[in-house]
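K.L.:
Could you have a look at this structure, given as structure tokens, before my questions?
Number of protein chains: 2
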Amino acid sequence: MTDYAVTAEGRDAAWATSLRTAGRRVTRQRLAVLAAVERSPHTTTDDVAAAVRTQLTDISVQSVYVVLADLTSIGLLRRIEPPNSPARYETRVNDNHHHAVCTGCGRIEDVDCAVGHAPCLTPSWAAGTQPMSIVIADVVYQGLCADCRENSNTSLTQEIHK
Amino acid sequence: MTDYAVTAEGRDAAWATSLRTAGRRVTRQRLAVLAAVERSPHTTTDDVAAAVRTQLTDISVQSVYVVLADLTSIGLLRRIEPPNSPARYETRVNDNHHHAVCTGCGRIEDVDCAVGHAPCLTPSWAAGTQPMSIVIADVVYQGLCADCRENSNTSLTQEIHK
DNA sequence: CACCTATTGTGAGTAATTCATAATAAGAAA
DNA sequence: TTTCTTATTATGAATTACTCACAATAGGTG
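Chain order of the listed sequences is R and G.
Residue numbers for the first sequence follow this note's numbering, beginning at -17 and rising by one.
Residue numbers for the second sequence follow this note's numbering, beginning at -17 and rising by one.
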């Protein structure tokens, strides 16, 4: 709860507390996955597995899938699904930020909510539809980053990132 | 261009014109796919294939994939990728509308842009990041529709739709 | 009508993810 | 500290969503 998680040990302790609060056991795998996602945000499952294997050499990709899904379900991770990309994860949760994806190179950057909290959660409904009670508003911006814009100017037209 | 597409023949003629304008041949498969998506918006590839097969009994799912991708690339269809769901398609293009997904039943509804056109395309960038030139802003709202809200009140806690 | 080539059909292949079940280990209890 | 219970992880197979290569077909131009 308090923000004493400046050292690696402090982060681990904070995560352990969060895990126990959510009724989860504290395992090396979970802590390693959390640390890997914290180190490099917007990483894919494969990237996380590779990073975790530097510490826990035998962890399987399937276990990473299970851990990522579980940590997401208890709110310690946030899962994003960019277009034309496998799912990605980040430790920055509960702050209503969004993402920009470069259609040239696939780079993903965080974007704060452009219009504040409220408008994002109050869509205008078409006539005749039953309003839903909105919990999340995910905004995915797509465009060209500075590097790719420069490259496309000098050479060819932009390609869709795969 | 003009909006004379009120009858099935009129729609077909309008689509044929759009296809030719995009340098594409007019085929029964393409028209059938467009008609299927028009009839039921937000359908998956499998649903489209099933609908098309009522007319063109021998069309393969792979061909539907190819046709959907191609029609999307020339702007006749819009592809959306809701969380925890295969890609879906709709004929409503070029109007900057967004989508709301019910986490209970998976239902998808159209939502007009809450804050007008401009703010959606002007995210606020974090300090130190190179701004991208934004082309698209896709907003996906998640929440509970009226039906699911009622069910979750009377019985159990909400489940994630799969 | 014939030809050229875009489009479709067919089958195999791949990436991302899930499932079933056995082995392991976290944490409570003794 | 040790034991016990069961959540968690490991392993391997299976599934879903989608793509690719290439042969067959059919628009549409001349």
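We put the CB at the ideal spot given by N, CA and C, even for glycine.
Taking the continuous alpha helix (DSSP H) assigned at V19/G, which residues delimit it?
P.N.:
Taken as a continuous stretch (DSSP letters only), the alpha helix (DSSP H) holding V19/G covers R10 to R21.
K.L.:
Leaving out five residues before and five after R7/R in sequence, what residues of the same chain have Cβ atoms less than 8 Å from its Cβ?
P.N.:
Closer than 8 Å at the Cβ level, and outside the excluded window around R7/R, lie L1.
K.L.:
Quick one, are the C-beta atoms of E91/G and V19/G less than 9 Å apart?
P.N.:
Contact flag unset, no.
K.L.:
Does the Cβ of A128/R have 16 or more other Cβ atoms within 10 Å, making it buried, or fewer, making it exposed?
P.N.:
The residue is exposed, with fewer than 16 neighbouring Cβ atoms inside 10 Å.
K.L.:
Cβ of A128/R within 8 Å of any heavy atom in the ligand ADP?
P.N.:
Questions concerning the ligand ADP fall outside what the structure shown contains, since it holds no ligand whatsoever.
K.L.:
State yes or no: is the beta carbon of A119/R nearer than 9 Å to at least one beta carbon in chain G?
P.N.:
By this cut-off, A119/R is an interface position.
K.L.:
Tell me the rounded alpha-carbon separation between A32/G and D(-6)/R.
P.N.:
Each residue's alpha carbon lies about 51 Å from the other.
K.L.:
Give the straight-line distance between the Cα atoms of I116/R and A82/G, rounded to the nearest whole angstrom.
P.N.:
Those two C-alpha atoms are separated by around 8 Å.
K.L.:
Under 8 Å, CB to CB, which of the residues in the region 9 to 25 of chain G have a partner in chain R?
P.N.:
Result list empty, no residue passes.
K.L.:
Around the C-beta of V48/G, are 16 or more other C-beta atoms found within 10 angstroms, so that it is buried, or is it exposed?
P.N.:
V48/G is exposed by the Cβ-count criterion.
K.L.:
Going by other Cβ atoms of all chains shown within 10 Å of its Cβ, with 16 needed for buried, is Q44/R buried or exposed?
P.N.:
Classification for Q44/R: exposed.
K.L.:
Please return the same chain residues whose Cβ sits closer than 8 Å to the Cβ of V30/R, not counting the five positions on each side in sequence.
P.N.:
Once the five neighbours on either side are set aside, the close Cβ partners of V30/R are V15, A18, V19, V46, L50 and Y71.
K.L.:
Starting from the C-beta of V93/R, find all residues in its chain whose C-beta is less than 7 Å away, skip the five residues before and the five after it, and write them out in chain order.
P.N.:
Contacts found: H79, H80, H81, A82 and Y123.
K.L.:
Cutting at 8 Å between CB atoms, please list the residues of its own chain near H4/R, excluding the five before and the five after it.
P.N.:
The identity of residue 4/R in the sequence shown is Ala, whereas the question assumes His. Closer than 8 Å at Cβ, skipping near neighbours: I56, G57 and L58.
K.L.:
State the start and end residues of the unbroken beta strand (DSSP E) segment that holds V117/G.
P.N.:
It spans S115 to L126 - the beta strand (DSSP E) in which V117/G sits, taken as one unbroken run.
K.L.:
I need the DSSP call for D77/G, collapsed to helix, strand or coil.
P.N.:
In this structure, D77/G counts as coil in the three-state DSSP scheme.
K.L.:
Specify the secondary structure class of R61/R as computed by DSSP and reduced to three states.
P.N.:
Strand at R61/R.
K.L.:
Based on the DSSP secondary-structure assignment, which residues constitute the bridge partners of R70/G?
P.N.:
Answer is T26/G and I62/G.
K.L.:
Counting contacts by CB-CB distance shorter than 9 Å, is T39/R in contact with chain G?
P.N.:
Answer no: the Cβ-Cβ gap between T39/R and chain G never drops below 9 Å.
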